[in-house]
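The structure appears right after this line, and notes come after that.
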Amino acid sequence: FVGDYIDRGEASAQTLARLHGYQRNDPDRVICLRGNHEQMLERFLAAPDRHGPRWLRYGGLQTMASYGIAPPPETAPPEKWAEARDRLRTAMGPELVTWLAALPDWWQTGNVAVLHAAADPALPLDAQDLEHMLWGHPAFMETPRSDGTWVVHGHTITEDPRPEAGRIPVDTGAYATGRLTAVLVQAGSIDFLTA
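Heads up: the sequence shown runs through residues 7 to 201, numbered per the working numbering.
If you want it as structure tokens, here you go:
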């Protein structure tokens, strides 16, 4: 799974619980990666008054609502943001908070790498900047990779997913379109599955 499990609807809490359960029950087959929305949640948990207002504007409001937490107004003092963070942390539970903090940023097998948003096409995967992996890179959609690596990614919504120039997009905007897409990559074939 390529991230952004939260902030895109009223079922964020249920989505996290389900994915955590899948991975806990089959850790060798289920890999959940961090997306930029999980990063925003982690930043909120670490420094709520600094990161809370931005996170709420980008979907954190829905995530907090899914846990039954009313957020403070953007102009609330730091102690109100800390109270909201503490209520959310309690509602999530320590096991889920720990699991989120340990999500990997990328995964690779052979010449296929999976990450949330993008990779600098000029750099090998192990030399990437985390911000690019989670938020995007300006050359990612314009410059083909030259190292033979195919990057499976989400983050950028595409209407018609297809492999191109070292990229395999899977984000079809499920939160807005109702279309959820996965890809099955095997030696010699790439098949997209949309529900």
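Note that CB positions come from ideal geometry on N, CA and C, so glycine has one too.
Looking only at its chain, what residues have a beta carbon closer than 6 Å to the beta carbon of Asp55, apart from the 5 residues adjacent to it on each side? Setting aside the 5 residues that flank it on each side, Asp55 is surrounded in the same chain by Pro84 and Trp87, each with a C-beta closer than 6 Å to its C-beta; the list follows chain order.
Could you give the distance in angstroms between the alpha-carbon of Ala82 and the alpha-carbon of Thr69? Roughly 19 Å between the two C-alpha positions.
Roughly how many angstroms separate the alpha carbons of Pro77 and Ala90, rounded to a whole number? As the crow flies, the alpha-carbon of Pro77 is around 6 Å from that of Ala90.
Go ahead and label Thr44 buried or exposed: buried means 16 or more other beta carbons lie within 10 angstroms of its beta carbon, across all protein chains shown. Just to set this straight, residue 44 is Glu in the shown sequence, not Thr. Glu44 should be labelled buried.
Please report how far the alpha carbon of Pro175 lies from the alpha carbon of Leu25, in whole angstroms. For Pro175 and Leu25, the distance between alpha carbons rounds to 21 Å.
Kindly indicate the opening and closing residues of the alpha helix (DSSP H) around His26. Ser18 to Asn31 is the extent of the alpha helix (DSSP H) around His26.
Short Cβ contact (7 Å threshold) for Ile75 with Arg49: Contact: no.
Unbroken alpha helix (DSSP H) run spanning Val103, endpoints: Judged by DSSP secondary structure, Val103 falls within the alpha helix (DSSP H) whose first and last residues are Pro100 to Ala107.
Reference Met147; option with closest CA among Arg168, Asp132 and Asp34: Per the Cα distances, Arg168.
Among Met46, Arg14, Val120 and Pro59, the one whose alpha carbon lies nearest that of Val36: If we check each option's Cα against that of Val36, Val120 comes out closest.
What's the C-alpha gap between His122 and Asn42? Between His122 and Asn42, the C-alpha separation is close to 8 Å.
Go ahead and pull the three-state DSSP assignment for His159. Of the three classes helix, strand and coil, the one that applies to His159 here is strand, per DSSP.
Within 10 angstroms of its Cβ, does Thr178 collect 16 or more other Cβ (buried), or is it exposed? Looking at its Cβ environment, which holds 16 or more other Cβ atoms inside 10 Å, Thr178 is buried.
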